[in-house]
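Here's the structure we're looking at; comments come further down.
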Amino acid sequence: MAHYRSVGTVPPKRHTQHRSGDGSLYFEELMGEEGFSSDSSLLYHRHLPSALTDSRVWVLPEQKTEANHPLKPYHFRLHELFPGESWRQCDPVRDRRLLLGNADVRISYVAAGVPSPLYRNAVGDECVYVESGGGVVETVFGSLEVGRGDYVILPRATTHRWLPTGDEPLRLYAIEANSHVAPARRYLSRYGQFLEHSPYCERDLRGPVGPLLAEDGLGDVEVYVKHRVNGSAVGGTVMTVPEHPFDVVGWDGCLYPYAFNVRDFEPITGRVHQPPPAHQVFEGNGFVVCNFVPRKVDYHPLSIPVPYYHSNVDSDEVMFYCGGDYEARRGSGIGQGSVSLHPGGHTHGPQPGAYERSIGAEFFDELAVMVDTFRPLELGEGARASDDGRYAWTWSGRGPEGPLT
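Everything in the sequence shown is counted per my numbering, starting at 31 for the first residue and increasing by one.
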């Protein structure tokens with residue numbers, strides 16, 4: 031983000047002395063992107079941010095993926111991954127189940143009821159969508175209260191933890207990049223300000239409230255770190271630090287976590303059907319994130335409001351259905367908590383009957399988060415466990431074993 035913020039106490043000039051009331055020196059940390067050449071923030075710590083007392087392996091949940099071969103579309107029922115009351119023993123970080131992944135992005139899902147450990151993703155930024163429930167995300171920059179419909183953008187290597195609140199599961203759809211995640215470039219001026227045609231702007235973003243200071247002298251603290259190993263492979267390490275990382279008395283800059291609620295996205299509509307780029311909200315290297323929100327639909331007298339059939343020749347399309355009634359998928363079995371995968375190389379579109387039924391519609395009450403990737407996605411453990419086994423055949427009504435029932 032190029033939106034400058036300052037929280038807590040910082041010295042008048044960067045890289046100069048900043049002292050506490052007793053005269054002790056605070057330790058300045060630059061957290062920056064692209065080797066001192068892009069957005070950054072300066073954080074002022076009470077303790078050395080580089081101090082370590084131990085480091086051990088964190089065995090990550092199953093990360094193996096399998097190619098989508100033979101090629102076909104899929105429907106995953108994510109709520110089946112955390113049945114009954116099982117979510118009450120799960121935390122928002124260590125119990126994520128991998129759905130899909132490639133060299134640019136991994137998509138995971140979790141339903142959680144207990145706090146996560148301190149966590150840092152050193153592979154890339156995270157864009158986490160809150161399907162339901164509520165909680166607080168505590169970070170070295172301060173805290174964010176989050177709830178249903180929030181996107182939470184967490185810059186790479188931000189130390190944070192998730193604290194679920196309330197008596198319903200905190201359901202998170204986690205888009206973990208191998209790069210940075212930012213608003214679509216066409217929404218921004220050359221200096222980073224949101225332009226007039228953008229469907230959201232700075233007023234819609236919620237930055238962290240702070241500073242967030244833990245008590246001194248608590249002893250060793252563990253931080254779970256996801257990072258690169260052996261080139262593109264992802265591994266985990268538990269780092270033990272001698273003081274709590276939440277010791278930042280102040281910070282300023284343009285790099286920090288923030289939240290944006292999907293209800294604040296102003297949909298772009300037209301006389302005829304608008305393609306997915308009109309619904310884009312974020313982008314990373316090799317993928318984009320779009321959202322489809324309740325909106326007035328096409329108003330040409332001969333319009334067909336549901337999407338036309340289309341071939342994603344350059345991308346795989348992943349749709350997470352998280353609210354409302356998705357008209358184009360009626361009759362397919364897709365509902366709240368479903369994910370569809372439509373891979374490049376397969377023509378897809380509305381389910382049988384939806385094309386005709388949509389004629390004359392004036393409003394769609396639907397909510398979905400879409401990720402389009404520009405490299406093929408492979409299936410993770412969570413996808414294999416939640417596959418409905420029949421979605422690919424719903425357009426024809428019959429599959430390898432005969433008619434669908």
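The beta-carbon is built from N, C-alpha and C at its ideal position, and this holds for glycine as well.
For residue i, name the three-state secondary structure that DSSP assigns.
i: Asp180; result: strand
i: Asp294; result: helix
i: Val91; result: Just to set this straight, residue 91 is Pro in the shown sequence, not Val. Looking at Pro91 - three-state DSSP - the assignment turns out to be coil, as it is neither helix nor strand.
i: Ala474; result: Given that the chain is displayed from residue 31 to residue 435, the structure contains no residue 474 and the question cannot be resolved.
i: Ala422; result: helix
i: Pro103; result: coil
i: Tyr34; result: coil
i: Leu108; result: helix
i: Pro433; result: strand
i: Asp234; result: helix
i: Arg49; result: strand
i: Arg325; result: strand
i: Arg86; result: strand
i: Arg186; result: coil
i: Arg428; result: strand
i: Ser173; result: strand
What is the residue span of the alpha helix (DSSP H) that residue i lies within?
i: Tyr385; result: 384 to 387
Just tell me which of the options has its CA closest to the CA of residue i.
i: Gly412; options: Arg107, Glu58, Phe57, Leu73; result: Arg107
i: Ala81; options: Leu193, Arg44, Val251, Glu115; result: Val251
i: Pro241; options: Val279, Ala214, Arg216; result: Val279
i: Arg186; options: Tyr217, Leu200, Cys352, Ser209; result: Ser209
i: Val123; options: Gly429, Gly363, Val170, Gly143; result: Gly143
i: Ala214; options: Asn321, Glu313, Tyr34; result: Glu313
i: Arg274; options: Asp246, Leu285, Phe295, Phe290; result: The question names Arg, yet the displayed sequence has His at residue 274. It is Asp246 whose Cα lies nearest to the Cα of His274.
i: Leu397; options: Tyr221, Thr188, Arg359; result: Arg359
i: Gly51; options: Glu392, Arg35, Arg76; result: Arg76
i: Tyr338; options: Leu332, Tyr385, Val348, Gly367; result: Tyr385
i: Ser138; options: Val158, Val153, Asn151, Cys120; result: Val158
i: Phe290; options: Ala212, Leu225, Trp423; result: Ala212
i: Tyr203; options: Pro194, Ala141, Gly249; result: Ala141
i: Gly222; options: His33, Trp425, Thr270; result: His33
i: Pro373; options: Glu115, Val348, Ala263, Pro79; result: Val348
What span of residues does the beta strand (DSSP E) with residue i cover, start to end?
i: Thr195; result: 190 to 195
i: Phe317; result: 317 to 322
i: Gln310; result: 310 to 314
i: Leu60; result: 57 to 62
i: Tyr74; result: 70 to 75
i: Tyr203; result: 200 to 207
Assuming contact is defined by CB atoms lying nearer than 8 angstroms, are residue i and residue j in contact in what I supplied?
i: Val323; j: Val292; result: yes
i: Leu148; j: Arg191; result: yes
i: Gly237; j: Tyr288; result: yes
i: Phe276; j: Ala308; result: no
i: Glu408; j: Asn151; result: no
i: Val40; j: Asp282; result: yes
i: Leu72; j: Val369; result: no
i: Val135; j: Gly316; result: yes
i: Pro382; j: Gly361; result: yes
i: Val336; j: Ser388; result: yes
>> So within the segment 332 to 420, which uninterrupted beta strand (DSSP E) runs reach at least 3 residues, ignoring any that extend past its ends?
In response: 346 to 354, 368 to 372, 396 to 403
Worksheet item: Of all the beta strand (DSSP E) runs that stay within the bounds of the segment 246 to 294, which reach a length of 3 or more residues?
Response: 251 to 259, 263 to 271, 278 to 283, 288 to 291
(request) Enumerate, from N- to C-terminal direction, the unbroken beta strand (DSSP E) stretches of 3 or more residues contained entirely within the segment 127 to 168. (result) 127 to 131, 135 to 142, 148 to 151, 156 to 162
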